[in-house]
Structures are given as C-alpha cells and as structure tokens.
Amino acid sequence: DVFNPEDDMRTRLQSQAKPRQQELLQRRGASDPPLCVCGGQLKLLELRERVKLLVDSDGFLEYAGRRFSVEDLIQMSAVSCDLCHRSIQEERPRLWTCQNGANTILHAQSYDVCEQCFNSCSEH
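Here it is in structure tokens:
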C-alpha cells in the first residue's frame with residue numbers, strides 16, 4: 029500500500045532517492061529548472077493546489093472505503109516532504125512537486141519537497 033508511510037517498498041525507494049534528489053538540487057544552476065530524481069521538473073505549488081491533484085473530478089479522494097475532500101486532506105496533513113518527511117502545513121503552504129505525478133516507478137504517488145528542504149539543498 030503506497031499510501032502507507034510505513035510501506036517497505038515506499039520506504040526503500042525514498043531512502044534510495046533522497047541523496048540523489050539532494051544532489052540534483054545542490055548542482056542546479058540558478059536559472060535551471062529544478063529536476064526531480066525521476067527526471068521530471070519540480071513545480072512550486074500552494075498546498076491547496078497540490079492537494080487538488082489528489083482528488084477526482086468530483087473533488088474527492090477515495091481510499092480504504094472512505095471519501096476525503098480537499099479540506100479533509102489538508103486537515104489530515106496528507107502531503108509530506110519526501111526529503112524530511114514532515115507534513116506540509118497551511119502555515120507554510122508552498123512546496124515543490126514533480127510534474128510527473130504518479131507516472132513513474134520512482135515515486136508511486138508523487139514527489140514533494142518542502143520549501144525549507146528545497147532552499148537548504150539549493151543554497152550554493
């Protein structure tokens with residue numbers, strides 16, 4: 029279950045991808061678009077905009093027999109940074125997310141980096 033943060037495969041992929049993602053951000057030129065470990069581009073989004081990518085056209089995510097709205101997912105802190113594993117909160121609502129979404133084996137849900145980690149890795 030890739031939605032479970034304790035999933036062995038998810039944990040293994042994250043631990044393998046983290047050093048490479050940090051390296052990509054560190055080596056990035058100031059005018060270069062930031063790249064994800066999968067090769068996709070990272071895009072800066074507001075938390076609400078990012079959460080909307082999780083829901084269907086009716087505005088809900090169905091999981092384990094339940095339906096969650098955008099508000100539910102924000103309140104549950106459903107989005108977390110794949111580098112530091114901290115939840116993205118409304119107090120710090122911006123994050124970088126991979127535009128490839130779940131369309132890669134390297135990240136089965138998506139790939140998100142909080143602004144703090146992004147800035148920390150990108151400082152030269």
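For this note's numbering, count along the sequence shown from 1 and bump the result up by 28.
For glycine and all other residues, C-beta sits at the position ideal for the given N, C-alpha and C.
- Counting of Cβ neighbours within 10 angstroms places S59 among the exposed residues, the total staying below 16.
- In the three-state DSSP reduction, E74 falls in the strand class (E or B).
- Contact holds between the segment 126-146 and the segment 46-64, because three or more Cβ pairs, one in each stretch, are under 8 angstroms apart.
- Following the DSSP letters along the chain, one finds E151 in no alpha helix (DSSP H), marked with neither H nor E.
- Check the Cα spacing between C149 and each of H135, P62, S115: the tightest is with P62.
- Contact between the segment 89-101 and the segment 124-136 is absent, with fewer than three C-beta pairs closer than 8 angstroms.
- In this structure, the straight-line span from the alpha carbon of L72 to that of D86 is close to 24 angstroms.
- Secondary structure note for L101: its alpha helix (DSSP H) is the uninterrupted segment 98-103.
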